[in-house]
Amino acid sequence: MNALLTHNKFNNAAGISVIELLIVVAMIFVVGGFVFFKLLRSPKLEVRANVSREVAGYLEKARSDSMRRNATEIGDMAQVKIFNGKFYSVAIDANDDGHLDIPLVMSFTADQGVEFKGPFPKTFIFDGRGQNVDVYKRPVPSQPLILSDSTGNTAVKLSETGQAVVVPAVKLSASN
362 MNALLTHNKF NNAAGISVIE LLIVVAMIFV VGGFVFFKLL RSPKLEVRAN VSREVAGYLE
422 KARSDSMRRN ATEIGDMAQV KIFNGKFYSV AIDANDDGHL DIPLVMSFTA DQGVEFKGPF
482 PKTFIFDGRG QNVDVYKRPV PSQPLILSDS TGNTAVKLSE TGQAVVVPAV KLSASN
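With my numbering, letter number 99 in the sequence shown gets 460, and the count goes up by one each step, no holes.
Given below as C-alpha coordinates:
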(Lines of atoms letter the chains of each structure in order from A and count residues from 1; the text may use other names and numbers.)
(Lines give C-alpha, C1' and ligand atoms only; values in the text may rest on other atoms or scores of the structure.)
Protein backbone atom coordinates (compact mmCIF):
# COMPACT_ATOMS: atom_id res chain seq x y z
CA MET A 1 0.00 0.00 0.00
CA ASN A 2 1.15 3.36 -0.89
CA ALA A 3 0.64 5.70 1.92
CA LEU A 4 0.27 9.23 0.95
CA LEU A 5 2.36 11.55 2.94
CA THR A 6 0.23 14.45 3.81
CA HIS A 7 1.28 17.64 5.40
CA ASN A 8 -1.50 19.24 7.35
CA LYS A 9 -1.40 22.98 8.04
CA PHE A 10 -3.23 24.23 11.05
CA ASN A 11 -4.49 27.73 10.57
CA ASN A 12 -5.80 28.06 14.08
CA ALA A 13 -2.93 26.57 16.05
CA ALA A 14 -2.92 27.53 19.72
CA GLY A 15 0.26 28.96 21.30
CA ILE A 16 2.31 32.10 21.36
CA SER A 17 4.38 33.68 18.68
CA VAL A 18 7.96 34.85 19.01
CA ILE A 19 6.83 38.48 18.78
CA GLU A 20 4.40 38.04 21.67
CA LEU A 21 7.14 36.41 23.72
CA LEU A 22 9.54 39.29 22.98
CA ILE A 23 6.90 41.84 24.01
CA VAL A 24 6.33 40.08 27.33
CA VAL A 25 10.09 39.83 27.99
CA ALA A 26 10.54 43.53 27.17
CA MET A 27 7.72 44.47 29.56
CA ILE A 28 9.29 42.38 32.32
CA PHE A 29 12.66 44.11 31.78
CA VAL A 30 11.07 47.58 31.86
CA VAL A 31 9.12 46.93 35.05
CA GLY A 32 12.04 45.07 36.63
CA GLY A 33 14.45 47.88 35.74
CA PHE A 34 12.16 50.48 37.26
CA VAL A 35 11.87 48.51 40.49
CA PHE A 36 15.63 47.83 40.55
CA PHE A 37 16.59 51.50 40.19
CA LYS A 38 13.92 52.60 42.65
CA LEU A 39 15.30 50.21 45.26
CA LEU A 40 18.89 51.26 44.58
CA ARG A 41 18.17 54.95 44.83
CA SER A 42 19.55 56.12 48.11
CA PRO A 43 17.27 57.78 50.64
CA LYS A 44 20.02 60.41 50.93
CA LEU A 45 19.21 61.57 47.41
CA GLU A 46 15.63 62.16 48.51
CA VAL A 47 16.77 64.02 51.62
CA ARG A 48 19.10 66.28 49.61
CA ALA A 49 16.37 66.92 47.04
CA ASN A 50 13.87 67.81 49.79
CA VAL A 51 16.34 70.13 51.54
CA SER A 52 17.15 71.80 48.20
CA ARG A 53 13.46 72.39 47.51
CA GLU A 54 13.02 73.76 51.02
CA VAL A 55 15.88 76.26 50.58
CA ALA A 56 14.55 77.21 47.13
CA GLY A 57 11.13 77.72 48.71
CA TYR A 58 12.58 80.11 51.30
CA LEU A 59 14.36 82.07 48.56
CA GLU A 60 11.05 82.31 46.67
CA LYS A 61 9.20 83.39 49.83
CA ALA A 62 11.76 86.11 50.48
CA ARG A 63 11.57 87.31 46.90
CA SER A 64 7.77 87.38 46.79
CA ASP A 65 7.61 89.06 50.21
CA SER A 66 9.82 91.95 49.06
CA MET A 67 7.81 92.25 45.85
CA ARG A 68 4.48 92.18 47.73
CA ARG A 69 5.62 94.95 50.07
CA ASN A 70 7.48 96.81 47.27
CA ALA A 71 10.53 97.06 49.54
CA THR A 72 12.88 99.90 48.60
CA GLU A 73 15.10 100.23 51.70
CA ILE A 74 17.62 97.56 52.68
CA GLY A 75 16.08 97.23 56.14
CA ASP A 76 12.73 96.38 54.54
CA MET A 77 14.04 93.89 51.97
CA ALA A 78 13.53 90.21 52.70
CA GLN A 79 16.76 88.27 53.02
CA VAL A 80 18.19 84.77 53.16
CA LYS A 81 21.64 84.49 54.73
CA ILE A 82 23.87 81.42 54.64
CA PHE A 83 26.21 81.57 57.65
CA ASN A 84 28.14 78.34 57.21
CA GLY A 85 27.66 74.78 55.99
CA LYS A 86 24.84 74.04 58.43
CA PHE A 87 23.12 77.30 59.45
CA TYR A 88 21.05 79.82 57.51
CA SER A 89 18.42 82.45 58.30
CA VAL A 90 15.33 83.80 56.59
CA ALA A 91 13.98 87.30 57.26
CA ILE A 92 10.49 87.90 55.83
CA ASP A 93 7.29 89.64 56.89
CA ALA A 94 5.41 86.46 57.85
CA ASN A 95 2.77 88.22 59.96
CA ASP A 96 1.91 90.82 57.27
CA ASP A 97 2.47 93.84 59.51
CA GLY A 98 4.60 95.58 56.87
CA HIS A 99 7.92 95.02 58.65
CA LEU A 100 10.42 92.20 58.58
CA ASP A 101 10.08 89.72 61.43
CA ILE A 102 13.01 88.57 63.52
CA PRO A 103 15.06 86.31 61.24
CA LEU A 104 14.28 82.63 61.58
CA VAL A 105 17.57 80.73 61.99
CA MET A 106 17.54 77.17 60.72
CA SER A 107 20.06 74.37 60.49
CA PHE A 108 20.50 70.99 58.88
CA THR A 109 20.42 68.04 61.25
CA ALA A 110 23.17 65.46 61.45
CA ASP A 111 20.65 62.87 60.24
CA GLN A 112 20.13 64.80 57.03
CA GLY A 113 23.85 64.79 56.26
CA VAL A 114 23.45 67.82 53.98
CA GLU A 115 25.52 70.99 54.03
CA PHE A 116 26.09 74.14 52.01
CA LYS A 117 29.35 74.53 50.11
CA GLY A 118 31.34 77.73 50.78
CA PRO A 119 32.55 80.42 50.60
CA PHE A 120 30.60 81.91 53.49
CA PRO A 121 28.70 84.01 54.35
CA LYS A 122 26.29 84.32 51.43
CA THR A 123 23.45 86.83 51.50
CA PHE A 124 20.46 87.03 49.18
CA ILE A 125 18.63 90.36 49.47
CA PHE A 126 15.55 90.94 47.31
CA ASP A 127 14.27 94.37 46.33
CA GLY A 128 10.70 95.35 45.48
CA ARG A 129 11.16 94.16 41.89
CA GLY A 130 12.31 90.71 43.01
CA GLN A 131 15.93 91.25 42.01
CA ASN A 132 18.85 90.02 44.08
CA VAL A 133 20.71 93.15 45.23
CA ASP A 134 23.73 94.01 47.36
CA VAL A 135 23.69 96.25 50.45
CA TYR A 136 23.97 99.28 48.14
CA LYS A 137 20.77 98.20 46.34
CA ARG A 138 22.64 97.37 43.12
CA PRO A 139 21.49 94.25 41.23
CA VAL A 140 24.05 91.46 41.55
CA PRO A 141 24.39 88.19 39.70
CA SER A 142 23.66 85.35 42.06
CA GLN A 143 26.05 82.50 42.58
CA PRO A 144 24.33 79.13 42.92
CA LEU A 145 23.91 77.62 46.36
CA ILE A 146 25.46 74.15 46.34
CA LEU A 147 24.02 71.61 48.76
CA SER A 148 26.19 68.56 49.24
CA ASP A 149 26.03 65.15 50.89
CA SER A 150 27.96 61.90 50.57
CA THR A 151 26.14 60.99 47.34
CA GLY A 152 26.66 64.23 45.41
CA ASN A 153 25.61 67.85 44.98
CA THR A 154 22.49 69.82 44.11
CA ALA A 155 22.46 73.48 43.11
CA VAL A 156 19.82 76.08 43.88
CA LYS A 157 20.15 78.88 41.33
CA LEU A 158 18.39 82.18 40.95
CA SER A 159 17.28 82.84 37.39
CA GLU A 160 17.73 86.25 35.80
CA THR A 161 14.24 87.14 36.98
CA GLY A 162 15.13 86.06 40.52
CA GLN A 163 13.18 82.82 40.67
CA ALA A 164 14.81 79.91 42.51
CA VAL A 165 15.47 76.77 40.47
CA VAL A 166 16.81 73.44 41.77
CA VAL A 167 19.19 71.65 39.40
CA PRO A 168 21.59 68.73 39.80
CA ALA A 169 25.15 69.96 40.22
CA VAL A 170 28.08 68.35 38.45
CA LYS A 171 30.23 66.26 40.75
CA LEU A 172 33.85 67.17 40.17
CA SER A 173 36.41 64.41 40.15
CA ALA A 174 39.66 64.58 42.12
CA SER A 175 41.60 65.29 38.91
CA ASN A 176 39.78 68.61 38.27
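Note that CB positions come from ideal geometry on N, CA and C, so glycine has one too. As the structure is a computational prediction, the values presented were derived from the model and not from experiment.
Of the residues K399, A439, S413, the one placed nearest K498, counting alpha carbons only:
One-based indexing of the sequence shown puts residue 498 at position 137. Here the closest residue by C-alpha is A439.
Which value, in whole angstroms, describes the spacing of the CA atoms of S468 and I389?
Working through the sequence shown from its first residue, we reach residue 468 at position 107. Working through the sequence shown from its first residue, we reach residue 389 at position 28. Whole-angstrom Cα-Cα distance: 44 Å.
Beta-carbon proximity list for A417, same chain, < 6 Å, skipping 5 on both sides:
Counting from 1 along the sequence shown, the entry for residue 417 is found at position 56. The residues are V517, A525, V527.
Euclidean distance between Cα positions of E381 and A387:
In the sequence shown, the residue the question calls residue 381 occupies position 20. In the sequence shown, the residue the question calls residue 387 occupies position 26. The alpha-carbon atoms of E381 and A387 are separated by roughly 10 Å.
Terminal residues of the beta strand (DSSP E) in which N411 lies
Position 50 of the sequence shown holds residue 411. Where N411 is concerned, there is no enclosing beta strand (DSSP E), although the alpha helix (DSSP H) it sits in stretches over 404 to 430.
Please list the terminal residues of the continuous beta strand (DSSP E) segment that includes F486.
Within the sequence shown, residue 486 is the residue found at index 125, counting from 1. Correcting the residue identity first, residue 486 is Ile in this sequence and not Phe. First-last of the beta strand (DSSP E) with I486: 483 to 487.
Name the DSSP beta bridge partners of T515, please?
Working through the sequence shown from its first residue, we reach residue 515 at position 154. T515 pairs with L508, P529.
Separation of G436 from S503, as counted between CA atoms
To locate residue 503, count along the sequence shown from 1; it is residue 142. To locate residue 436, count along the sequence shown from 1; it is residue 75. CA-to-CA, the gap between S503 and G436 works out to about 20 Å.
Contact between the region 421 to 431 and the region 479 to 492 (3+ Cβ pairs under 8 Å)
yes
Using 8 Å as the threshold, is the C-beta distance between A455 and D462 below it?
For this step, residue 455 is matched to residue 94 along the sequence shown. For this step, residue 462 is matched to residue 101 along the sequence shown. Result yes, Cβ atoms of A455 and D462 sit closer than 8 Å.
Nonlocal neighbours in the same chain, by C-beta distance under 8 Å from K405, ignoring five residues either side:
In the sequence shown, the residue the question calls residue 405 occupies position 44. Closer than 8 Å at the Cβ level, and outside the excluded window around K405, lie G474, D510, S511, T512.
Output the distance between the C-alpha atoms of F477 and S450, rounded to the nearest integer angstrom.
Here residue 477 refers to the residue found at position 116 when the sequence shown is read from its first residue. Here residue 450 refers to the residue found at position 89 when the sequence shown is read from its first residue. Each residue's alpha carbon lies about 13 Å from the other.
My assumption, with CB atoms under 8 Å, is that L360 sits in contact with I443. Please give the rounded CB distance.
Here the chain comprises residues numbered 362 to 537, so residue 360 is not present and cannot be evaluated.
Reduced DSSP secondary structure (H/G/I, E/B, other) of A608:
This structure does not reach residue 608, given that the chain is present from 362 up to 537, and the question cannot be answered.
Leaving out five residues before and five after V441 in sequence, what residues of the same chain have Cβ atoms less than 6 Å from its Cβ?
Position 80 of the sequence shown holds residue 441. Excluding positions up to five away in sequence, the list reads Y419, L420, A423, V451, F485.
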